[in-house]
DNA sequence: CCAGTTTGCTTCGAATCCGAAGCAACATCG
DNA sequence: CGATGTTGCTTCGGATTCGAAGCAAACTGG
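Protein chains in written order, with my numbering: chain A, 95 to 261; chain B, 95 to 261.
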């Protein structure tokens, strides 16, 4: 019960295009962010998420899940951001073991510093060749896929010793 | 002349969805490949490209460009693949300084070993929630974007000292 | 309330990644 | 042909990444 149908050409093509586009986009964005505000891609994503959040804060775990990052990796990045004064870390009052990360004013300033260039890059690189309808279609399809992916596998949480891996 | 239009909601949503989907997909695939054939994602991509190539071989630079990887990173990965006996490296006769990487039978065997699981994963994770039309639309739009991206910036080549960076 | 489990985060070690610098083989131009 | 680039790859050093292991707080059943 492995693979009866070998994936038709259009599927293959779409898959490759997806990987290629995201790779190219990622590299370009990475460079822009580095130049404009000395931020890595993950750091930008983290700040952006915090900036959007109600109190400007999130738990470590939620951030890791959100940006699809390992927990240890997030600890490292949070450390860097804290050193740079862009976020603060504090254990939450309700749950002593969870750490709440909060964006600082400097963090918000950094965001506004890199945003214009970021937008500009997306325009010229990603959206330039697309019509309004294309964008809507892309958004619709990808949102559906994302929801589907987020549903089943708890990604990044990585079950612990308990629930045996079926084997 | 930076960013007059702040990117409409659909564009933002599509962008986020693209990043999120590719991240989730990448992680899932990475794990599958590791389990099924002890390959990293890049290694798989490299083998796949070589497997498709006419003589089963490519130049280092073309591979690097193809998978959007740094040249030094590719040197490292090629070394690993060579050690594992999945590819061979030889300087090409025509141009003494360029190195031609060729997939071995063991390399092809490894590919066929991981392929079924790979396909299966793509089916269940990426294509499951999509109709035939969705896939076609996705492919069309992304292919257009990819071509656009590949056109302008020579990515990964990184100009050398010559052509001054405008500044 | 106490053992056993789970959850949230960090530390640790090893692997990977990239850019800068270096080196050798081509190419161009006088 | 010699000087001056240019191209293709590798080495080097440092930064980043992840998984496994560790630790403490919270939850669970008895």
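From the three backbone atoms N, C-alpha and C, an ideal C-beta is built for every residue, glycine too.
The structure presented is a predicted model; accordingly, all values stated were derived computationally and were not measured.
- prompt: Excluding the five sequence neighbours on either side, which residues of its own chain have a C-beta within less than 7 angstroms of the C-beta of residue 168/A, listed in chain order?
  reply: 154, 157 and 158
field: the region 198-206 of chain B / the region 102-121 of chain B touching (three or more Cβ pairs under 8 angstroms)
entry: no
CB of residue 206/A within 9 angstroms of CB of residue 151/A, strictly: no
task: Select from the region 172-198 of chain A all residues with a C-beta closer than 7 angstroms to any C-beta belonging to chain B, and list them in chain order.
output: none
field: Distance CB(residue 111/A)-CB(residue 237/B) smaller than 9 angstroms
entry: yes
field: Beta-carbon gap between residue 186/A and residue 233/B smaller than 9 angstroms
entry: no
task: Can you pull the chain A residues whose beta carbon is under 7 angstroms from the beta carbon of residue 157/B, in chain order?
output: The contacting residues do not exist; residue 157/B stays about 14 angstroms from chain A at best.
query: With a Cβ-Cβ cutoff of 9 angstroms, do residue 109/A and residue 127/B count as a contact?
result: no
task: Assign residue 149/A to buried or exposed, taking buried as 16 or more other Cβ atoms, counted over all protein chains shown, within 10 Å of its Cβ.
output: exposed
field: Short Cβ contact (9 angstroms threshold) for residue 183/A with residue 176/A
entry: yes
Short Cβ contact (9 angstroms threshold) for residue 144/A with residue 181/A: yes
- request: Have a look at 245/A, 228/A, 103/A and 137/A and flag the residue whose alpha-carbon is nearest the alpha-carbon of residue 179/A.
  value: 137/A
message: Suppose only complete runs of 3+ residues qualify. What are the beta strand (DSSP E) ranges in the region 140-218 of chain A, listed by chain order?
response: 151-153, 181-185 and 193-197
- prompt: Short check: CB of residue 101/B to CB of residue 113/A, under 9 angstroms?
  reply: no
For residue 103/A, three-class secondary structure by DSSP: helix
field: Candidates 196/B, 210/B and 246/B: closest to residue 123/B by CA position
entry: 210/B
task: With a 10 Å radius around its C-beta and 16 neighbouring C-beta atoms as the bar for buried, classify residue 74/B as buried or exposed.
output: Examination of residue 74/B is not possible in this model, given that chain B is present from 95 through 261 alone.
message: Are the CB atoms of residue 161/B and residue 174/B within a distance shorter than 9 angstroms?
response: no
query: In chain A, which residues lie with their C-beta within 7 angstroms of the C-beta of residue 108/B?
result: 229, 232, 233 and 236
message: Rounded to whole angstroms, what is the Cα-Cα separation between residue 73/B and residue 226/B?
response: Outside the modelled stretch of chain B, which goes from 95 to 261, sits residue 73/B, for which no answer is possible.
- prompt: Any beta-carbon of chain A closer than 9 angstroms to the one on residue 246/B?
  reply: yes
field: CB of residue 130/A within 9 angstroms of CB of residue 208/A, strictly
entry: yes
field: 7 angstroms Cβ cut-off: residues of chain A touching residue 332/B
entry: Since the first and last residues shown for chain B are 95 and 261, residue 332/B lies out of range.
- prompt: In terms of residue numbering, what span does the alpha helix (DSSP H) encompassing residue 236/A cover?
  reply: 226-245
- prompt: Along chain B, which residues have their Cβ under 9 angstroms away from the Cβ of residue 207/A?
  reply: Neighbours of residue 207/A on chain B: none; closest Cβ ~11 angstroms, over 9 angstroms.
field: residue 104/A vs residue 229/B beta-carbon contact at 9 angstroms
entry: yes
- request: Report yes or no: is there a C-beta of chain A within less than 9 angstroms of the C-beta of residue 242/B?
  value: yes
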